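Notes for the one structure printed next.
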């Protein structure tokens, strides 16, 4: 059984079909890229599967469980993490606090379970901070741990958002254009991060325009055009697929 | 049976008033995305302007009506140039609070200048009753019911056939594109405001002879107009107009058959119900005005 | 602020009635009255700031919760003979329940509709208070509201009310601090500043908005109950929308989202009538203009302004 499956997903906007009966399956531990020309429905698909948009038809299944109509925070709680196309942080919180927010729910459940501030709870909080600092270290932001996220550069915020999504240790990570609008050094850093996730056995689904990145790190590539899935397969096969070439460059 | 029919006429009259006010508000929200909490006060000031022109200056009804309407248009321009221009690009919190503050200032100034006692401005037509069948309807009501569609036809013509009107429609559909193409956003905002306040002033000139005027009548009117805008689909003028009539008729019937004291509350309950059952408004989310 | 300054300030506040009696004996009643109002307003403004400043929901329904707490405790006291010790918590509970009832439908709405909806709640509550004469006496007002009494301790003197109000605002300030500074505060601010991101972090925006809303309403209800026990009379006019305007002036003038700012704003606002000895209508005109200027020019409020001056002079 695939870790994550989209079945016949459809979503319309004011008469235009943004996502048209798309089927997609992602096996555990895979890195899958979702590509397609602008307006092909990639981000709409992301928003539908993470609960921000209600699909007009179809199902979203995560670990065999139908999550189609769940609110975003519930889907997140099940172990799905995501980043946003327009980089999203909490500007008035520090970098460290940004990360700690992603463990809010876990911590509250933990406190509720123990009901009183015992040593166990405090240990949990200390662990949370350690984890946050370690993640900041891994993206090279430990020096900015106490800086307000709003004061970071675009690239730094992008890394911060990436680290934050990893805080709750999600099994499935949805990355919306991780290589967009950043310099080549950062792109390499991103690729390394994603490969690192793969080594840890995490599953990654990413939307990406940067073909080098896609070809370099993906195991499978899915291509959308005008809301429909037009091709699917290994990166090399996709690169040569006439339908894909036609979608991008026209006849 | 006649009773019901009369109540319906009252409801339509009320609805006409709400519709004109709501149309102005929908335009402002649709075109410049502005929350204008002081809109009801334009109606209120228009009503007092009409009273002043008709009662104090002794002008004949049509002249007084036109004077009141135009004076509100001018006032709207002044308001736009002073306050709106400043808050147009700020967050909607700022817009809401600033216009709420303006509403308070205008209401209290009106209390000071005109006193808190309600005023009545019955015109000749308002006192003359038409009797058909078992019905008794003031002639002025028929005037309102006849004038209202004319107002909306004129509005439609302006928005679809004139240059500023077309610019307004374009902006309501795609603001960024307009900026790129070189549409003067400030100018369009000015037109939108003038139009909105003209509608409010015109509504006041039309219906004031039928109702009382008092300084804090604006607040409830703003709320109901907003209810119509929201129920009608947030900036979709036709939707706001339809919703306004719905609210007017419901309120009138409720006042007549359920409870006069709570009629305002009932109108609000309608709004909340619609919002809960259909958050995108009765007509769904439309693009543009 | 250092502990020494804290205790000194606290002692000063507690000793105020005696200090005032010593310094300005013939103004004593008046000044204490102003101080009581300042404290109650301060508590009310803090509760409002929880919703507006910390979860970012522009609710206009606060007068309704203040009114429900006021009418609830007042009527239980006058009609049902409930002692203050029961009427006060009842007022708080009623306000909190009203907030839950109102909040569930309201928070499903987007921001503008939420503001409209909550304004409607405030207006409807005032309409009901004015017209349900059988219960609320309408414009005739509820009179003879019993003074606070807990066991043998009865509050009848001005200094007594002052200490009650001071205790109330101190408690609310502590609550405010606890809710906005630690982990919970972080969640509130996350929801306020980026709701979509908060949801992706498994933080349920509705849950936290409702929590802040209900707590704020409970406090407002409590202040309402204390207020009527002091004034002794309750009329529907107390629930007017102008109360929201006053609260908005206080928190924006002082500093949205800041404990010190809101308290400064409340103090400044209550001191204003002293500088503006004029008819209530003129006063509202000034308040309106003040709010207009402040929200446009200095949305961070006096507190931020003062902090910048202090920082610049260091």
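Chains as they are written, first to last, in the numbering used here: chain A, 1 to 251; chain B, 1001 to 1289; chain C, 2001 to 2314. All C-beta atoms, glycine included, are put in the ideal place defined by N, C-alpha and C. Note that the coordinates shown come from a computational prediction; the quantities given were computed from them, not determined experimentally.
Cutoff 8 Å: residue i Cβ touching any chain B Cβ
| i | result |
| --- | --- |
| residue 2105/C | yes |
| residue 2282/C | yes |
| residue 2033/C | no |
| residue 2206/C | no |
Paired residues, beta bridge with residue i - DSSP
| i | result |
| --- | --- |
| residue 229/A | 224/A |
| residue 1131/B | 1136/B |
| residue 7/A | 59/A |
| residue 94/A | 148/A |
| residue 25/A | 5/A |
| residue 176/A | 207/A |
| residue 1212/B | 1120/B |
| residue 80/A | 172/A |
Cβ-based burial, residue i [other Cβ within 10 Å; buried from 16]
| i | result |
| --- | --- |
| residue 2063/C | buried |
| residue 2073/C | buried |
| residue 1031/B | buried |
| residue 2005/C | exposed |
| residue 1071/B | buried |
| residue 2264/C | buried |
| residue 1154/B | exposed |
| residue 1129/B | exposed |
| residue 1172/B | buried |
Cutoff 7 Å; reference residue i; Cβ partners in own chain excluding five residues on either side
| i | result |
| --- | --- |
| residue 31/A | 194, 198, 204, 217, 218, 219 |
| residue 2050/C | 2176, 2179, 2212, 2215, 2216 |
| residue 1037/B | 1096, 1099, 1100, 1103, 1222 |
| residue 1218/B | 1040, 1041, 1043, 1044, 1103, 1107 |
| residue 2147/C | 2154, 2155, 2156, 2229 |
| residue 235/A | 214, 215, 218, 221 |
| residue 1059/B | 1053, 1067 |
Pairwise C-alpha distance: residue j and residue i
| i | j | result |
| --- | --- | --- |
| residue 1073/B | residue 1048/B | 14 Å |
| residue 2258/C | residue 2165/C | 20 Å |
| residue 2308/C | residue 2300/C | 11 Å |
| residue 1275/B | residue 2150/C | 45 Å |
| residue 1122/B | residue 2081/C | 50 Å |
| residue 243/A | residue 35/A | 13 Å |
| residue 2042/C | residue 2223/C | 10 Å |
| residue 1150/B | residue 1157/B | 10 Å |
| residue 2152/C | residue 2160/C | 14 Å |
| residue 1020/B | residue 181/A | 48 Å |
| residue 78/A | residue 25/A | 18 Å |
Chain A contact for residue i (CB, 8 Å cutoff)
| i | result |
| --- | --- |
| residue 2247/C | no |
| residue 2177/C | no |
| residue 2189/C | yes |
| residue 2186/C | yes |
| residue 2194/C | yes |
| residue 2049/C | no |
| residue 2200/C | yes |
| residue 2183/C | yes |
| residue 2052/C | no |
CB contact below 8 Å: residue i versus chain C
| i | result |
| --- | --- |
| residue 44/A | no |
| residue 1108/B | yes |
| residue 104/A | yes |
| residue 92/A | yes |
| residue 1220/B | yes |
| residue 1018/B | no |
Sequence-distant residues of its chain with Cβ nearer than 6 Å to residue i (five each side left out)
| i | result |
| --- | --- |
| residue 33/A | 206, 208, 214, 218, 221 |
| residue 2096/C | 2214, 2217, 2218 |
| residue 17/A | 227 |
| residue 1025/B | 1039, 1225, 1229 |
| residue 2107/C | 2206, 2209 |
| residue 232/A | 222 |
| residue 2059/C | 2051, 2118 |
| residue 1251/B | 1263, 1267 |
| residue 2036/C | 2161, 2162, 2165 |
Cβ neighbours of residue i in the same chain (closer than 8 Å, five flanking residues each side left out)
| i | result |
| --- | --- |
| residue 2185/C | 2054, 2179 |
| residue 1227/B | 1243, 1247, 1267, 1268, 1270, 1271 |
| residue 1192/B | 1027, 1028, 1031, 1032, 1168 |
| residue 1002/B | 1133, 1134, 1135 |
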